[in-house]
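See structure below.
Protein chains: 2
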Amino acid sequence: MHLIPNLRIVAKSLFILSVALIATAVIAIIYAESVLPFLYSSGIALLTGLVPFLFSKDIDINHNMTKKDASFVVSLSWILFSFFGSLPYIFSSSIPSFTNAFFESVSGFTTTGASILTDIEILPKSVLFWRSLTHWIGGIGIIVLVIVIMPTLQMGSYNLFTFESSVQEKIQPKIKSVGLRLLAIYLLLTLAEIVLLMAGKMSLFESVCHSFGTVATGGFSPKNTSIAGYSPYIQYVIAIFMLLAGVNFVIHYYIFKRNFRKIKENEELWFYLIVVFSITAILTAILYFTMGKPFEVSFRDSFFQVVSIITCTGFASTDYLLWPPIAWTIIFFAMFLGGSTGSTAGGIKMARHLVLLKNVKRFFHQLRYPNAVIQLKLNKNVISDENNRNIITFITIYLLVFAAGTIALAFDGVDGKTASSAVATCMAGIGPGIGTVGPVSNFFHLSDFAKLVLSFLMILGRLEILTLLMLFTPAFWRK
Amino acid sequence: MHLIPNLRIVAKSLFILSVALIATAVIAIIYAESVLPFLYSSGIALLTGLVPFLFSKDIDINHNMTKKDASFVVSLSWILFSFFGSLPYIFSSSIPSFTNAFFESVSGFTTTGASILTDIEILPKSVLFWRSLTHWIGGIGIIVLVIVIMPTLQMGSYNLFTFESSVQEKIQPKIKSVGLRLLAIYLLLTLAEIVLLMAGKMSLFESVCHSFGTVATGGFSPKNTSIAGYSPYIQYVIAIFMLLAGVNFVIHYYIFKRNFRKIKENEELWFYLIVVFSITAILTAILYFTMGKPFEVSFRDSFFQVVSIITCTGFASTDYLLWPPIAWTIIFFAMFLGGSTGSTAGGIKMARHLVLLKNVKRFFHQLRYPNAVIQLKLNKNVISDENNRNIITFITIYLLVFAAGTIALAFDGVDGKTASSAVATCMAGIGPGIGTVGPVSNFFHLSDFAKLVLSFLMILGRLEILTLLMLFTPAFWRK
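Chains C and S, in that order, are what the protein sequence lines are.
With the first letter of the first sequence counted as 1, position 367 gets the number 367 in the numbering used here; the numbers rise by one all the way through.
With the first letter of the second sequence counted as 1, position 105 gets the number 584 in the numbering used here; the numbers rise by one all the way through.
Take a look at the structure:
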């Protein structure tokens, strides 16, 4: 591993964090709030970054960068961002406890949206802005990681999900310009949502915060009641933007390129839409027939919550714990779905489920025709045996970590329903769970131990598990 | 598919059931109870079998038998055994409702042990004997299926788990003698347990019933309190025989063959023992430190329940719902373990988990060494890519069915904890669950719909899922 060059990259990323904190200080000035928490935090991040930066030279490691380097850089960056990002909460006394502030910061940068805050609205506006900004930074970070960095380094099976190898080779030389285009799309989505929310009479501040939380599929809201207090128009706008944010950004890229053939061929996109609308239809029927809500309300509530859970955003337009228990069960299992790969959504994700279903189909087909050779394909590309194995193994590792996490929380005395849903919601980066961590509740009452376990699981899930878990294998540290 | 020859085999198997019912009639005579329920049931099974038997000729299909034939015969036999096996409950008015009687019968033949009886001890002794005998018949049925039939027909990956292909070829000509030897081992284990239980002052009747329930890893007890009312000696005897019944019967075969090298090399055996004793150690510590039970009691209670759950027996020596919630969580996840392949235990089973862990290990190894070619091995034999894929796909199908079953029960208004554990316990063939279907409770209060769903899942799980599910694929019925 190239330790010094890696630390230099991490240092550079800290400068970005430092700038983001300065930008938040400007917000504090506008609202006549204390700028010191942000200036201090910015200074500390800057100074921490300066040390490795000054003592290293700019080496071009683009051509030497290994998977190990990338795992190390990405994991360390996410952990340091979460650490320095928690400082404004502490310095502003908004969240005095370090564990709580760290949890909130991890939840922000991992675009989870699980909160320990019992009263959100008493916080300074600048702190709330920072909280939403952490989502936005985390969101663009994960898009660049999954679409640009991981396929380039052939980590996991991401070239299967994003740009095909042929396109990969073409974009390789212009990797920066692809990154910039993705950033432009991300910005455009954010701006479009801000405009549409303001058109629905939401204030600029709330529009910006909610847009950050939407396009990053984060879920932090500056309001205690999340999206529940807003008009149906606002709820539909946010639901549709969550749905868009859960689409592979490569699709958005193709839309701008007007490459509609690629979009038509993208199986994950259609699978994602079918799943979202099927579950919405089932829940709508349940709400309509068992709770006697008007049809439009049943549909809107179902659609909003289903999109919010599947895209791993976590905004709530209603408290689903007041729905019949069958709805909770569906929501619980939906927590294992996840949006599309190459989106800001977390979880197992649609492409992996699709590959899994293709395996199941082949399994039954081969019971009947044992000698048939059936090649699995995704988006018309053959899935290699190794990629296929990696995808299924990823899902099983995900479920093993889920089981281990649930047991860890249960050891801490958390009841089974809360423990299992808290782990599922944090691993997938959703936000609300079931039991005592439902959509109108929060994670404040959990112990420090539980919060640290969940913080770890949020980062683990956000970094697609393997990136972080790799650092814990002995092979990683061997020369 | 060879429909007529297949029906002839099913007909022959019904004659065995008919004989078993006659044997139970003898028990009824001994206890001066009504013999009619058993004679009627026996007659009906006999007559039903006679029709296809008389209208078909004895064809040697050993050499033409396909996977389709085997799936059809096995699935139909298990369903018909369950159906005719429920008649004595109905005719004796012990269980007047058909759904309840069918559930109890399915639970018997699938060696599950989940019961709808609220008071077991008021039933005639002959009915209780029949109930335990259904376990015993189901147990030997599954051993012959998994060790003899499935590897011969190369269904699934069973040749990987039981006799290796080289041995397969050798035993192919003497397939009947291997089957008879397995039956002899099964009988011997049953007799040994009866003797040891009687040495602990258990009555002959109870000893026989409990031994049937143990070697078949069934779990029906003729006592309302299961094994809780017996001495520590009895509890240890039953625990050890459950542990033995959860061992691959190929291992027992090798013990008689004095082939200790094969036993030493059998990774599943050691993995099974390590898992059982590790979880026992954790639970012992929990009970000892949080409940203040004496150490021996903590160990005995933990050991008994862990073995009972992992081997999918379901006997209870204590009510684990009185343990701290963390213990339930561990027990819940333990329901997905299962004993060894080629044993009477159900569930996913140790060999599959072992292969899964080997995949996880390879996954991390390949992150580090992308070009390394790592062949997975089990018991020193290479696992082919196809077998490997089938094993992992089996696990994921298992979990998908679990999720679907839980949602089905939740739709019926069953709470999440009860629904998920009822599905997990029935699919694995364990017996007791968590929530309202705990070890001192039963399945009586569930709706007919839920009981039929669970009955289906018990048969599905017992027949290693694919055997039964295959019948539901369109490819199966195509010419």
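From the three backbone atoms N, C-alpha and C, an ideal C-beta is built for every residue, glycine too.
Straight-line Cα distance separating residue j from residue i
i	j	result
Phe241 (chain C)	Ala428 (chain C)	19 Å
Leu662 (chain S)	Tyr320 (chain C)	54 Å
Phe551 (chain S)	Leu947 (chain S)	8 Å
Leu607 (chain S)	Pro701 (chain S)	6 Å
Phe560 (chain S)	Gly314 (chain C)	49 Å
Ser777 (chain S)	Ala887 (chain S)	37 Å
Asn100 (chain C)	Asp415 (chain C)	21 Å
Met335 (chain C)	Gly431 (chain C)	10 Å
Lys293 (chain C)	Thr473 (chain C)	52 Å
Lys349 (chain C)	Tyr712 (chain S)	52 Å
Tyr568 (chain S)	Ala524 (chain S)	15 Å
Ser686 (chain S)	Val726 (chain S)	21 Å
Ser573 (chain S)	Asn703 (chain S)	15 Å
Leu723 (chain S)	Ser819 (chain S)	10 Å
Leu925 (chain S)	Thr875 (chain S)	27 Å
Proximal chain S residues relative to residue i, where beta-carbon distance stays under 7 Å
i	result
Pro439 (chain C)	Result: empty, since nearest Cβ-Cβ is about 17 Å, beyond 7 Å.
Trp328 (chain C)	Gly895
Ala410 (chain C)	Pro804, Ile805 and Thr808
Burial state of residue i, where buried means 16 or more other Cβ atoms lie within 10 Å
i	result
His210 (chain C)	buried
Phe220 (chain C)	buried
Asn485 (chain S)	buried
Trp130 (chain C)	buried
Asn850 (chain S)	exposed
Trp78 (chain C)	buried
Gln235 (chain C)	buried
Leu515 (chain S)	exposed
Val530 (chain S)	exposed
Gly229 (chain C)	exposed
Leu667 (chain S)	exposed
Val674 (chain S)	exposed
Trp136 (chain C)	buried
Pro96 (chain C)	exposed
Asn738 (chain S)	exposed
Leu204 (chain C)	exposed
Thr190 (chain C)	buried
Arg868 (chain S)	buried
Under 9 Å from the C-beta of residue i: neighbouring residues of chain C
i	result
His844 (chain S)	Thr473 and Ala475
Leu722 (chain S)	Correct list: empty, because the minimum Cβ distance to chain C is about 23 Å.
Start-to-end residues for the alpha helix (DSSP H) that takes in residue i
i	result
Pro804 (chain S)	Pro804 to Ala813
Gly575 (chain S)	Inspection of the sequence shows that residue 575 (chain S) is occupied by Pro rather than by Gly. It is not in any alpha helix (DSSP H) - Pro575 (chain S) carries neither H nor E in the DSSP assignment.
Met242 (chain C)	Pro232 to Ala245
Ala32 (chain C)	It is not in any alpha helix (DSSP H) - Ala32 (chain C) carries neither H nor E in the DSSP assignment.
His731 (chain S)	Phe728 to Lys736
Ile430 (chain C)	Note, Ile430 (chain C): premise wrong, no alpha helix (DSSP H); not H, not E.
Val355 (chain C)	Met350 to Arg368
Gln305 (chain C)	Phe295 to Ile310
Lys702 (chain S)	Note, Lys702 (chain S): premise wrong, no alpha helix (DSSP H); not H, not E.
Asp69 (chain C)	Lys67 to Phe91
Met677 (chain S)	Ile654 to Ala678
Asp448 (chain C)	Asp448 to Arg462
Pro474 (chain C)	Pro474 to Trp477
Identified DSSP bridge partners for residue i
i	result
Lys377 (chain C)	C:Val382
Contacts of residue i in chain C (Cβ-Cβ under 8 Å)
i	result
Pro812 (chain S)	In the sequence under discussion, the amino acid at residue 812 (chain S) is Phe, which differs from the Pro named in the question. Ordered by position in chain C, the residues that pass the 8 Å Cβ test against Phe812 (chain S) are Ala403, Thr406 and Ile407.
Ile569 (chain S)	By Cβ distance, chain C contributes nothing, its closest Cβ being about 32 Å from Ile569 (chain S), past 8 Å.
Tyr875 (chain S)	In the sequence as displayed, the identity of residue 875 (chain S) is Thr instead of Tyr. By Cβ distance, chain C contributes Leu356, Asn359, Val360, Ile392, Ile395 and Thr396.
Asn511 (chain S)	In the sequence on display, residue 511 (chain S) carries Ala and not Asn. The contacting residues do not exist; Ala511 (chain S) stays about 49 Å from chain C at best.
Leu878 (chain S)	Leu399
Neighbour flag for residue i against chain D, beta carbons, 9 Å
i	result
Asp864 (chain S)	Protein chains C and S are contained in the structure displayed, whereas chain D is not.
Proximal residues of chain S, C-beta to C-beta of residue i below 9 Å
i	result
Lys67 (chain C)	Leu846, Arg847 and Pro849
Thr393 (chain C)	Leu835, Asn838, Val839, Arg841, Phe842 and Ile871
Chain-ordered neighbours of residue i on chain C, where CB pairs are closer than 7 Å
i	result
Asn869 (chain S)	Phe363
Ile909 (chain S)	Within chain C, no residue comes near Ile909 (chain S); the closest Cβ sits about 17 Å away, beyond 7 Å.
Proximal chain S residues relative to residue i, where beta-carbon distance stays under 8 Å
i	result
Thr470 (chain C)	It is Met, not Thr, that sits at residue 470 (chain C) in the sequence shown. By Cβ distance, chain S contributes Phe843, Leu846 and Arg847.
Ala419 (chain C)	Thr808
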